[in-house]
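In the working numbering, the protein residues as written are -2 to 635. A short worksheet on the structure shown next.
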Amino acid sequence: MTAETASPDSAEEAPHAKETRGFQTEAKKLLKLMINSLYSNKEVFLRELISNASDAIDRLRFEALADESLIADDPDFRIVVDFDKEAGTVSVADNGVGMSRDDVVANLGTIAKSGTEEFFDRLTGEEQADSALIGQFGVGFYSSFIVAKEVEVLTRRAGEAAGTRWVSSGEEDFTVETVADVPRGTRVTLSLRGDATEFADGFRLRSVIRQYSDHVGIPVMMAKEGGDDGDEEAAPELETVNEAKALWTRSRTDISDDEYKAFYKHVSHDFEDPAVWSHNKVEGKLEYTSLLYVPKRAPFDLYNREAPRGLKLYVQRVFIMDEAEQFLPLYLRFIRGVVDSSDLPLNVSREILQSDERIRTIKNALTKRVLDMLGKMDADAYAEIWDEFGQVLKEGIGEDFANKDDVLGLLRFASTESADSAQRTSLKDYIGRMKEGADKVYYLIAESDAAARQSPHLEAFRARGIEVLLLSDRIDEWWMSFAGEFDGKTFQDVARGELDLGEPEAAEKEEDEKEVEDEEPLLKRFKDALGDQVESVRKSTRLTDSPACLVLGEHDMGIQMRRIMEATGQSAPESKPHLEVNLRHPLIGHLNREVDEDRFADLVAIIFDQASLAEGNTVAEPGKYVQRVNKLLLDLLS
Ligand code: ADP
Ligand code: MG
């Protein structure tokens, strides 16, 4: 190849000059990790390079819709894989869109993915744990360095005259220089490491291509076998090695699970297999094909609602755009895949997608398909999906009224039914265990699972053998406000309003005898001592073991919503709890006989603070609380 080497002491600030650039710190770390952790999975480099080549061709095909001249010189899209046994090299070349010099520096020197920072924060420095993480991050172009001691990229952007040569050994830095006479597209050439020379072999390369890249809709070609390398004068005859038919256009029965999985890795840039997928062709008024995947693991930016998401959109097999987010609701942003429509125009834009009635119809259908696919998963596999994506699915209850019941059906909860919070229950199972005639689904929202399990609000339910769902996600209070009912049962927060649970079971009744009689004066003394810290003080039917608890008014804002509002700089409406007092508790009996008003006020203040602590909240004035308790301890000890 002819390199136009700019003279190093050239006077003008030459944009063509060869320069050496350092890798971005993150890119360097990723490179090192990758080389150390993927040695048992070396062949993934070929999948990644072919995947990039195919993306580049898709992009050029799309650009050529508007400007045919971009491909006039070489209209037959293809990917060519070549090798040289003696030199120990393998190359992957495409005639796709290519890269400008700036593109090269940006794309092959940094990691532009969202979530990069979070990813590196999670690295432990421990090789084993870190290697597991890297798969989630996706490996991409840098996987070349698993097998290569040096990589050369020769590329020319379609429509530009000059090409760029990039060379690196994948350690500290790379060089870039502008070169002439580069064919359109990109050729990546790997100089194999000593332990990877097996790949400079036609048989090996063909088998890897068939295994990983059969689904690529573009011919992946290699020189015909037999000519025995040697002479390079005549261009060797090429043959297509892969199936070269876009996977989703084939019939379901012809596609193996391995092919579906390989295609998933291509569209998602994920390194792991998908959990499940659904492939459908719809004919009729609207014609489209969709292939939707549920990943096994959440991406790093799952909770960033602005992060890129969505499906790859094709129109009549022509790639139109990545991340078409109009085909699924936000709460299903973790779904990956493609949708190929026969009805949309090739020049469809994001703006058109936004307002097109046909898109809305497809979106509704795909949403149902995803919910259906999740609902049909076997319990164990779904439990893992729930752990990854459950919090995001909950958003659907507030955002997708039409499918609220289906989304509710997908929710899983920790519950008093099992002491193990990892053992989750569905609403259907909860309702199945309900007593005859019961009509409420009881739930408790707390700051953490541990706080929920220790909450005094559960006492009455325990005494009556009634199951309570335990919620501790940040958004639980929010979505619950939209839940309404499920299967004819309404939801009831156990920490809200007055409870009517009926009589407790017989054993508890004897204790009633110890109950404080003539409770009104005592409750009034409580209220006077607490002043306007509480809305009211009343007799509790909730408690068996605790002396008191705090209860919210039916429509008051709970602690989670308050925190969310504060975090977003809004002020939450003022509301005070009700204090419920357990008149059967011995402590309350003693208090009733306390004649020293100061001491009474101190004790009531302690009980009030403790009711807050018991729910996992803080007390308003911790210093005062400690002083009061210490005073009591001193009385006790002296
Ligand atoms: P990803 O494919 O997930 O974006 P990669 O690490 O595989 O990440 O590639 C990084 C970027 O480099 C790509 O997004 C693309 O812009 C560019 N790139 C890589 N290979 C090619 C190629 N063959 N042709 C054009 N651009 C490429
Ligand atoms: Mg890639």
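In this text, a Cβ means the ideal position worked out from N, Cα and C, and glycines have one as well. Treat the numbers as computed from the prediction; the structure is a model and nothing was measured.
Next on the checklist: Taking 9 Å as the threshold (C-beta atoms), are VAL513 and ARG430 in contact?
Outcome noted: Along the sequence shown, read from residue 1 onward, the residue named residue 430 stands at position 433. Along the sequence shown, read from residue 1 onward, the residue named residue 513 stands at position 516. Cβ distance not < 9 Å, so ARG430 and VAL513 don't count as in contact.
Item to check | Cα-Cα separation, ASP64 to ASN104 | outcome: As a working mapping, residue 64 is identified with position 67 in the sequence shown. As a working mapping, residue 104 is identified with position 107 in the sequence shown. So the alpha carbons of these two residues sit roughly 24 Å apart.
Checklist entry - Just the Cα atoms here: how many angstroms apart are PRO271 and GLU495? => result If you number the sequence shown from 1, residue 271 lands on position 274. If you number the sequence shown from 1, residue 495 lands on position 498. Taking the straight line joining both Cα atoms gives about 47 Å.
Checklist entry - Does the region 28 to 38 come close enough to the region 67 to 75 that 3 or more CB-CB pairs lie under 8 Å? => result The region 67 to 75 is not in contact with the region 28 to 38.
Checklist entry - For the ligand ADP, any of its heavy atoms closer than 8 Å to the Cβ of THR183? => result By 1-based counting over the sequence shown, the position of residue 183 is 186. THR183 Cβ: within cutoff of the ligand ADP.
Checklist entry - If you count every other CB in all the chains shown that lies within 10 Å of the CB of GLN557, and 16 or more means buried, which is it? => result Translated into positions along the sequence shown, residue 557 becomes position 560. Burial check for GLN557: the Cβ neighbour count within 10 Å reaches 16 or more, so the residue is buried.
Next on the checklist: Residues around the ligand MG, please: the condition is that the C-beta lies closer than 7 Å to some non-hydrogen atom of it.
Outcome noted: Any residue whose Cβ sits closer than 7 Å to a heavy atom of the ligand MG makes the list: GLU45, SER48, ASN49, ASP52, GLY137, PHE138 and HIS266.
Checklist entry - Which first and last residues belong to the alpha helix (DSSP H) in which SER210 is found? => result In the sequence shown, the residue the question calls residue 210 occupies position 213. Residues 199 to 210.
Checklist entry - Does DSSP put LEU408 in a helix, a strand or coil? => result Counting from 1 along the sequence shown, the entry for residue 408 is found at position 411. Under the three-state reduction of DSSP output, LEU408 falls in the coil class, being neither helix nor strand.
Item to check | Closest residue to ASP484 among ILE561, LEU405, ALA449 and LEU289 (Cα-Cα distance) | outcome: Numbered from its first residue, the sequence shown carries residue 484 at position 487. Nearest option by C-alpha distance: LEU405.
Checklist entry - Is the distance from the Cβ of LEU28 to the Cβ of GLY191 below 9 Å? => result The count along the sequence shown starts at 1 and reaches residue 28 at position 31. The count along the sequence shown starts at 1 and reaches residue 191 at position 194. In terms of Cβ geometry, LEU28 and GLY191 do not form a close pair [threshold 9 Å].
Next on the checklist: Just to confirm, is the Cβ distance from TYR300 to LEU390 under 9 Å?
Outcome noted: Start at 1 with the first residue of the sequence shown, and residue 300 comes out as number 303. Start at 1 with the first residue of the sequence shown, and residue 390 comes out as number 393. Going by C-beta atoms, TYR300 is not nearer than 9 Å to LEU390.
Next on the checklist: Please report the distance separating the alpha-carbon of ASP79 from that of LEU187.
Outcome noted: Within the sequence shown, the letter at position 82 stands for residue 79. Within the sequence shown, the letter at position 190 stands for residue 187. Cα-Cα distance, rounded: 10 Å.
Next on the checklist: Within 8 Å, do at least three Cβ pairs link the region 451 to 468 to the region 421 to 438?
Outcome noted: In short, these stretches touch, since the Cβ pair count reaches three.
Checklist entry - If you draw a straight line from the alpha carbon of LEU202 to that of PHE196, how long is it in whole angstroms? => result Against the sequence shown, residue 202 aligns to sequence position 205. Against the sequence shown, residue 196 aligns to sequence position 199. In a straight line, the C-alpha of LEU202 is about 6 Å away from that of PHE196.
Next on the checklist: Quick check on this structure: which residue in ASP118, HIS587, ASN614 and GLU618 has the alpha carbon closest to the alpha carbon of ALA648?
Outcome noted: Missing from the structure shown is residue 648; the chain here goes from -2 to 635 and no further.
Next on the checklist: Given this structure, state the Cα-to-Cα distance separating ARG560 from GLU147, to the nearest angstrom.
Outcome noted: As a first step, residue 560 must be located in the sequence shown, where it is residue number 563. As a first step, residue 147 must be located in the sequence shown, where it is residue number 150. ARG560 and GLU147: Cα-Cα distance of roughly 53 Å.
Next on the checklist: Can you tell me where the alpha helix (DSSP H) holding MET431 begins and where it ends?
Outcome noted: Here residue 431 refers to the residue found at position 434 of the sequence shown. Per DSSP, MET431 lies in no alpha helix (DSSP H) segment and is marked neither H nor E.
Item to check | Cut-off 6 Å between Cβ atoms - residues of its own chain near LYS278, not counting five sequence neighbours on either side | outcome: If you number the sequence shown from 1, residue 278 lands on position 281. A distance below 6 Å between beta-carbons, with the five flanking residues on each side excluded, links LYS278 to the following residues of its chain, in chain order: THR286.
Next on the checklist: Buried or exposed, going by whether 16 or more other CB atoms sit within 10 Å of the CB of ALA545?
Outcome noted: Counting from one through the sequence shown, the residue named residue 545 turns up at place 548. Under this definition ALA545 is a buried residue.
Checklist entry - In this structure, what does DSSP give as the bridge partners for SER188? => result Translated into positions along the sequence shown, residue 188 becomes position 191. BP columns for SER188 point to THR86 and GLU147.
Checklist entry - In the structure shown, what three-state DSSP assignment does TYR328 receive? => result By 1-based counting over the sequence shown, the position of residue 328 is 331. TYR328 sits in a helix when the DSSP states are folded into three classes.
Item to check | Cutoff 7 Å; reference ASP542; Cβ partners in own chain excluding five residues on either side | outcome: For this step, residue 542 is matched to residue 545 along the sequence shown. Only GLU456 meet the Cβ criterion.
Checklist entry - Considering only C-alpha positions, which residue in the set ALA159, ASP595 and LEU189 is nearest to GLY85? => result Looking up residue 85 in the sequence shown gives position 88. If you compare the alpha carbons of ALA159, ASP595 and LEU189 with that of GLY85, the shortest gap goes to LEU189.
Checklist entry - For MET219, which of helix, strand or coil comes out of DSSP? => result The sequence position of residue 219 within the sequence shown is 222, counting from 1. Residue state for MET219 is assigned as strand, using DSSP reduced to three classes.
Checklist entry - Nearest to GLU14 by CA position, among ILE47, MET31, THR172 and GLN21, is which residue? => result The residue you call residue 14 lines up with position 17 of the sequence shown. One point to set straight first is that residue 14 is Ala, not Glu, in the sequence displayed. Relative to ALA14, the option among ILE47, MET31, THR172 and GLN21 whose CA is nearest is THR172.
Checklist entry - How is GLN489 classed by DSSP in three states: helix, strand or coil? => result The residue you call residue 489 lines up with position 492 of the sequence shown. GLN489 carries a strand assignment under DSSP once its states are collapsed to helix, strand and coil.
Item to check | Alpha carbon of GLN451 to alpha carbon of GLU612, nearest angstrom | outcome: One-based indexing of the sequence shown puts residue 451 at position 454. One-based indexing of the sequence shown puts residue 612 at position 615. So the alpha carbons of these two residues sit roughly 7 Å apart.
Checklist entry - What are the start and end residues of the alpha helix (DSSP H) that includes ARG559? => result Residue numbering aside, residue 559 sits at position 562 when the sequence shown is read from its first letter. For ARG559, the enclosing alpha helix (DSSP H) has its first and last residue at 556 to 564.
Checklist entry - Taking the C-alpha atoms as reference points, what is the distance between PRO292 and TYR379? => result For the purposes of this step, residue 292 is identified with residue 295 of the sequence shown, where counting begins at 1. For the purposes of this step, residue 379 is identified with residue 382 of the sequence shown, where counting begins at 1. Counting only the Cα atoms, TYR379 lies some 12 Å from PRO292.
Checklist entry - Which residue from SER97, PHE386 and THR183 puts its Cα closest to that of ASP470? => result What you label residue 470 is simply residue 473 of the sequence shown in a count that begins at 1. Of the candidates SER97, PHE386 and THR183, the one whose C-alpha sits nearest the C-alpha of ASP470 is PHE386.
Next on the checklist: Using only CA atoms, which one of GLU381, ASN33 and TYR290 lies nearest to SER140?
Outcome noted: Translated into positions along the sequence shown, residue 140 becomes position 143. Restricting attention to GLU381, ASN33 and TYR290, the CA atom closest to the CA of SER140 is found in ASN33.
Item to check | Host alpha helix (DSSP H) of MET31 (start-end) | outcome: Stepping through the sequence shown from its first residue, residue 31 is reached at position 34. From DSSP, the alpha helix (DSSP H) with MET31 extends over 22 to 34.
Checklist entry - In three-state DSSP terms, what is LEU580? => result For the purposes of this step, residue 580 is taken as residue 583 along the sequence shown, with counting starting at 1. Reduced to three states, the DSSP call for LEU580 is coil.
Checklist entry - In the structure shown, what three-state DSSP assignment does GLY393 receive? => result Here residue 393 refers to the residue found at position 396 of the sequence shown. Helix.
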